[in-house]
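**Q** The structure's right below; bear with me while I get my questions together.
Residue numbers (the numbering used here): 68 to 473.
Here it is in structure tokens:
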């Protein structure tokens with residue numbers, strides 16, 4: 068009779084080679100562990116470098132973003148390969164080593180993406196809550212006792228933490244690497260998050276029975292729907308307003324707001340109002356945006372524009388509102404939104420019969436506030452090239468007319 072085939076684990080050469088590689092990885096992890104405290108600041112600086120260099124040295128910024136994405140591919144590959152080897156009887160890395168590697172990747176992701184979130188968050192909106200939550204997760208990732216307790220005792224929350232990191236890396240890297248719009252990147256990030264939420268749901272619902280499988284299949288689209296409904300709370304990680312102004316006139320040749328006017332109801336009805344926004348975007352990116360004019364919270368008009376990235380001062384777009392309600396007194400705001408519904412910025416003004424209470428639209432271009440006392444966006448390197456952006460849309464209410472711009 069023939070001898071029964073040996074199991075993969077009994078194969079001396081394959082198991083020995085695999086064991087040697089795992090031993091090397093374990094020794095490397097032990098050597099790196101005392102210096103792991105350096106990793107978060109290095110990741111933050113790499114993210115800041117990618118954010119700042121995407122204008123002057125776009126290839127370098129893209130390479131930093133690509134390295135971030137490749138790190139995740141390696142982590143996911145290691146996890147998948149480890150499961151396959153375990154099923155075949157091969158030895159695998161100790162759980163402590165794999166958790167340490169995952170912690171390093173989580174730290175890299177959170178601290179790499181923080182500069183993008185901090186610089187593009189509209190701090191007077193729900194985006195502040197989202198960004199501060201990501202700051203809290205970044206702090207959690209460097210507190211070893213809390214992180215390892217989460218990894219060992221709360222596997223469902225740990226997988227949710229993992230899925231959130233996947234969401235961030237897809238959201239931030241794809242606009243830089245592939246010039247995808249923020250809406251496209253957001254959809255892909257949500258799809259990735261739903262996929263990587265599966266382990267968390269499987270853990271929470273086990274043992275899996277038919278009713279629980281059906282419940283999971285119902286929860287997945289519900290999770291995606293809730294995330295999409297809250298998209299206005301997610302900063303558009305590649306877009307922000309670098310300057311904005313309100314004015315009664317506009318110099319189209321100079322692309323500059325002109326004049327000044329107290330916004331009383333009569334003055335607004337007679338002159339109308341220009342809303343000017345300079346929106347920064349990476350070079351090569353085309354994005355559809357919308358100026359949403361709201362009066363006392365009620366949507367009055369949605370005026371679409373198209374912007375192109377690459378101009379250091381931001382792509383200059385403006386809308387001209389002339390048809391205003393008869394009762395125009397009150398609080399107005401202009402939400403600058405992506406086509407997918409993410410808020411880029413807000414312009415606020417007040418129309419009042421009392422000239423002292425009415426906003427003065429003076430054409431002054433203001434930079435929106437960044438971090439308190441620090442606008443990190445001023446640190447961005449300006450491109451040396453003087454490339455021009457075509458296809459500027461100036462609109463009078465909802466009727467766009469194409470113009471050229473710088």
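The beta-carbon is built from N, C-alpha and C at its ideal position, and this holds for glycine as well. Remember, it's a predicted structure, so these values are computed and weren't measured experimentally.
Ordered along the chain, which non-local residues of its own chain (more than five positions away) have a Cβ less than 6 Å from that of residue 389?
**A** 339.
**Q** Output the distance between the C-alpha atoms of residue 193 and residue 411, rounded to the nearest integer angstrom.
**A** When rounded, the distance between both Cα atoms is 12 Å.
**Q** Once you ignore the five residues that flank residue 431 on each side, which residues in its own chain have a CB closer than 7 Å to its CB?
**A** Cβ neighbours of residue 431 beyond the five flanking positions: 312.
**Q** List the whole-angstrom C-beta distance separating residue 200 from residue 177, where the pair is believed to meet the contact cut-off of C-beta under 8 Å.
**A** At roughly 11 Å, the Cβ-Cβ gap does not stay under 8 Å, so residue 200 and residue 177 are not in contact.
**Q** Between the C-alpha atoms of residue 446 and residue 346, what's the straight-line distance to the nearest angstrom?
**A** For residue 446, the predicted model reports a pLDDT of 46, less than 50, meaning its position is unreliable and no value from the coordinates is stated.
**Q** Just mark residue 383 as buried or exposed, buried being the case when its beta carbon has 16 or more other beta carbons within 10 Å.
**A** Buried, because 16 or more other Cβ atoms sit within 10 Å of the Cβ of residue 383.
**Q** For the stretch 276–290 against the stretch 208–224, do three or more pairs of beta-carbon atoms, one drawn from each stretch, fall closer than 8 Å, so that the two count as touching?
**A** In short, these stretches do not touch, since the Cβ pair count stays below three.
**Q** Can you tell me whether residue 393 is buried or exposed, with buried defined as 16 or more other CB within 10 angstroms of its CB?
**A** So residue 393 counts as exposed.
**Q** Going straight from the alpha carbon of residue 215 to that of residue 261, what length do you get?
**A** Cα to Cα, residue 215 sits roughly 24 Å from residue 261.
**Q** Mark residue 414 as exposed unless 16 or more other C-beta atoms lie within 10 angstroms of its C-beta, in which case mark it buried.
**A** Under this definition residue 414 is a buried residue.
**Q** Since residue 374 and residue 401 are thought to touch, with beta carbons under 8 Å apart, how far apart are those beta carbons, to the nearest angstrom?
**A** In fact, because the Cβ distance is near 15 Å, the residues do not count as touching under 8 Å.
**Q** Between residue 300 and the rest of its own chain, which residues show a CB-CB distance below 6 Å, the 5 nearest in sequence each way excluded?
**A** Same-chain partners within the cutoff: 193, 194 and 197.
**Q** Would you kindly report the start and end of the unbroken alpha helix (DSSP H) that includes residue 275?
**A** Taken as a continuous stretch (DSSP letters only), residue 275 belongs to no alpha helix (DSSP H), as it is neither H nor E.
**Q** Starting from residue 405, follow its DSSP beta bridges and name the residues at the other end.
**A** The partner list for residue 405 (beta bridge, DSSP) reads 356.
**Q** Which residue wins for smallest C-alpha separation from residue 309, given the options 344, 359 and 170?
**A** For the residues 344, 359 and 170, the minimum Cα distance to residue 309 belongs to 344.
**Q** I need the straight-line Cα distance from residue 254 to residue 225, nearest angstrom please.
**A** C-alpha separation (whole angstroms): 23 Å.
**Q** Take residue 183 as the anchor and find which of 285, 349 and 284 has the nearest alpha-carbon.
**A** The residue with the shortest Cα to Cα distance from residue 183 is 349.
**Q** Pull up the DSSP beta-bridge partners for residue 317, would you.
**A** DSSP, once it has assigned bridges, lists 324 as partnering residue 317.
**Q** So, at 7 Å on beta carbons, what are the nonlocal neighbours of residue 303 in its own chain, with the 5 sequence-adjacent residues on each side left out?
**A** Result list for residue 303: 187, 249, 405, 409 and 411, in chain order.
**Q** Let's test the definition: count the other Cβ atoms within 10 Å of the Cβ of residue 428 and tell me whether it reaches 16, buried, or not, exposed.
**A** Looking at its Cβ environment, which holds 16 or more other Cβ atoms inside 10 Å, residue 428 is buried.
**Q** Throw me the rounded Cβ distance for the residue 418 and residue 330 pair, which I believe falls under 8 Å.
**A** With a Cβ gap of about 5 Å, residue 418 and residue 330 count as contacting.
**Q** Pull up the CB-CB distance for residue 307 and residue 342, whole angstroms please, since I reckon it's below 8 Å.
**A** So it is not a contact: roughly 16 Å between Cβ atoms.
**Q** By how many angstroms is the C-alpha of residue 286 removed from the C-alpha of residue 239?
**A** Their backbone Cα atoms lie some 26 Å apart in a straight line.
**Q** Just tell me which of 326, 242 and 291 has its CA closest to the CA of residue 353.
**A** Nearest of 326, 242 and 291 to residue 353, Cα basis: 242.
**Q** Count the other CB atoms within 10 Å of the CB of residue 476; is the residue buried (16 or more) or exposed (fewer)?
**A** An answer regarding residue 476 cannot be provided, because it is not within the stretch 68 to 473 covered by the chain.
**Q** In chain order, what residues of the same chain have a beta carbon less than 7 Å from the beta carbon of residue 366, not counting five sequence neighbours either side?
**A** For residue 366, where only same-chain residues beyond five positions count, the Cβ hits under 7 Å are 359.
**Q** Just how far apart, CA to CA, sit residue 237 and residue 369?
**A** Distance between the alpha carbons of residue 237 and residue 369: 29 Å.
**Q** Where does residue 198 sit, in a helix, a strand or coil, going by DSSP?
**A** Helix.
**Q** With C-beta atoms as the reference, is residue 252 less than 8 Å away from residue 290?
**A** Contact: no.
**Q** Return the CA-CA distance between residue 101 and residue 246, expressed in angstroms with no decimal places.
**A** Roughly 38 Å separates the two Cα atoms.
**Q** Return helix, strand or coil for residue 332, following the three-state DSSP convention.
**A** Three-state DSSP puts residue 332 in a helix.
**Q** Just how far apart, CA to CA, sit residue 416 and residue 326?
**A** Roughly 16 Å separates the two Cα atoms.
**Q** For residue 280, count neighbouring C-beta atoms within 10 Å of its own C-beta (all shown protein chains included) and say buried if the count is 16 or more, exposed if not.
**A** Exposed, since its Cβ has fewer than 16 Cβ neighbours within 10 Å.
**Q** Looking at residue 185: is its Cβ nearer than 8 Å to the Cβ of residue 111?
**A** Not in contact: residue 185 and residue 111 (Cβ atoms no closer than 8 Å).
**Q** Closer than 7 Å by C-beta to residue 407: which residues in its own chain qualify, once you throw out the five before and the five after it? Chain order, please.
**A** Answer for residue 407: 249, 250, 253 and 298, listed in chain order.
**Q** Can you give me the Cβ contacts of residue 320 inside the same chain, cut-off strictly under 7 Å, excluding the 5 residues immediately before and after it?
**A** Hits under 7 Å: none found.
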